[in-house]
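Chemist:
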Amino acid sequence: MTTTRPEQPAPAYVPGHDLLAGKVVVVTAAAGAGIGAAVVRRVLEEGAKAVVFSDTHERRLAEAEEALAAEFGAERVRQRVCDVTDEAQVAALLDVADELGGVDVMVNNAGLGGTASVLEMTDEQWLRVLDITLTGTFRCVRAAGQRMVAAGKKGVIVNNASVIGWRAQKGQAHYAAAKAGVMALTRCSAIDLAPHGIRVNAVSPSLAMHPFLAKVTSDELLAELKSREAFGRAAEPWEVANVMVFLASDYASYMTGEVVAVSSQQA
């Protein structure tokens with residue numbers, strides 16, 4: 399039986415402390431209002447030299463770049479359309495970072511969900527979720543890792559997983575398998591890249607509220623998911639972004655191969 403908990407307000411937004419001063423950061427799937435966009439804003443607030451962010455939606459990317467450039471300076475903000483299922487587009491995204499001094503931090507946020515019973519799920523549904531969420535993350539880890547090694551950079555890679563990779567949820571077999579794969583990819587990549595001084599970690603959020611999630615999820619399911627959280631609410635995207643920035647910073651210098659739950663979920 400699920401216990402309904404009173405919803406507690408989100409805390410005040412935490413100001414930046416230059417945790418990423420001088421770094422060039424690349425963030426995928428960041429043109430909307432979710433975790434990726436929150437990461438872009440947070441890394442700029444944390445003093446990043448520049449952020450290169452991508453999405454598949456050209457208009458939203460341009461609008462986001464214009465708004466961020468006005469606030470943080472055009473020299474610190476670049477965008478590039480990138481579909482992570484296309485290796486050439488991933489390479490082109492990192493080429494933009496090379497123009498700015500090369501990628502120091504790669505944040506792999508791109509993913510695709512959906513709801514379908516395993517009894518009715520098609521191969522196409524399964525493969526599309528896996529290609530974007532898991533294989534897309536792999537392509538970005540590989541490409542960023544290769545650039546960091548070639549440049550002699552002791553960089554950082556942060557992947558976005560999900561508690562669904564640990565916990566079962568109806569209709570989420572493809573997404574859960576993909577996110578569990580991201581966790582395993584993170585652990586194994588960390589071992590492969592450790593000799594080069596490159597760290598690889600992941601966050602595993604439970605429920606982070608943003609407009610797209612609200613659009614594709616019923617009010618009933620959202621209420622049920624919130625009721626599982628100790629604070630009776632979803633995380634704000636910036637609360638997840640804070641943990642990703644921590645993992646990207648020198649404060650996490652001894653952490654690699656870790657998957658950090660950003661969750662108050664108890665059931």
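Start counting the sequence shown at 399; every next residue gets the next number (our numbering).
For glycine and all other residues, C-beta sits at the position ideal for the given N, C-alpha and C.
I'd like the list of long-range same chain contacts for Ala541, defined as Cβ closer than 7 angstroms, with 5 residues on each side in sequence excluded.
Modeler: Val488, Ala489 and Leu492
Chemist: Give the list of continuous beta strand (DSSP E) stretches no shorter than 3 residues that lie fully inside the region 434 to 479.
Modeler: 448 to 453 and 475 to 479
Chemist: Who are the Cβ neighbours of Thr523 in its own chain at under 6 angstroms, not counting the five residues just before and after it?
Modeler: The amino acid at residue 523 is misidentified as Thr; the sequence shows Gln. Correct list, in chain order: Ala514.
Chemist: Which of the three DSSP states is assigned to Met399 in this structure?
Modeler: Here the model assigns Met399 a pLDDT of 47, short of 50, so the residue's position is not dependable and the matter cannot be decided.
Chemist: Is DSSP giving Arg565 helix, strand or coil here?
Modeler: coil
Chemist: Given a cut-off of 8 angstroms, decide if Val479 and Glu456 are closer than it, judged by their beta-carbon atoms.
Modeler: yes
Chemist: What residue does the alpha helix (DSSP H) around Arg545 start on, and which one ends it?
Modeler: Gly534 to Ala549
Chemist: Is DSSP giving Ala576 helix, strand or coil here?
Modeler: helix
Chemist: Could you give the distance in angstroms between the alpha-carbon of Arg476 and the alpha-carbon of Val641?
Modeler: 23 angstroms
Chemist: Is it the case that the region 571 to 591 contacts the region 518 to 538, given that we only count it when at least three CB pairs across the two stretches are under 8 angstroms?
Modeler: Yes, the region 518 to 538 touches the region 571 to 591.
Chemist: Return the CA-CA distance between Val412 and Glu518, expressed in angstroms with no decimal places.
Modeler: 44 angstroms
Chemist: Suppose you measure from the CA of Asp648 to the CA of Phe629; what does that come to, to the nearest Å?
Modeler: 29 angstroms
Chemist: What does DSSP give as the partner residues of Ser515 in its beta bridges?
Modeler: Ser515 is not bridged to any residue.
Chemist: Suppose contacts are defined by Cβ-Cβ distances below 8 angstroms. Is Ile530 in contact with Val482 by that definition?
Modeler: yes
Chemist: Looking at the secondary structure, which residues open and close the beta strand (DSSP E) in which Pro635 lies?
Modeler: Unbroken run through Pro635 is the alpha helix (DSSP H), Pro635 to Ala646; no beta strand (DSSP E).
Chemist: Among Gly579, Val441 and Phe536, which has the Cα closest to the Cα of Glu485?
Modeler: Looking only at Gly579, Val441 and Phe536, the smallest Cα-Cα distance to Glu485 is reached by Phe536.
Chemist: Which residues does DSSP pair with Pro603 in a beta bridge?
Modeler: In the DSSP output, where bridge partners are listed per residue, Pro603 has Val660.
Chemist: Taking a contact to mean a Cβ-Cβ separation below 8 angstroms, would you say Ala495 touches Val450 in this structure?
Modeler: Contact annotation: Ala495 and Val450 have beta-carbon atoms nearer than 8 angstroms.
Chemist: When you compare each of Met581, Ala448, Ala571 and Ser651 to Val657 by their alpha carbons, which one comes out closest?
Modeler: Met581
Chemist: In three-state DSSP terms, what is Ile555?
Modeler: strand
Chemist: Answer with buried or exposed for Ser651, where buried requires no fewer than 16 other C-beta atoms within 10 angstroms of its C-beta.
Modeler: exposed
Chemist: Have a look at the DSSP bridge pairing and note the partners of Arg597.
Modeler: Val554
Chemist: Excluding the 5 residues preceding and the 5 following Val501 in the sequence, name in chain order all residues of the same chain whose CB lies nearer than 7 angstroms to its CB.
Modeler: Within the same chain, Val501 has close Cβ partners Val422, Val424, Leu492, Ala495, Ala542, Arg545, Met546 and Gly553.
Chemist: Going by DSSP in three states, Asp502 sits in which element: helix, strand or coil?
Modeler: coil
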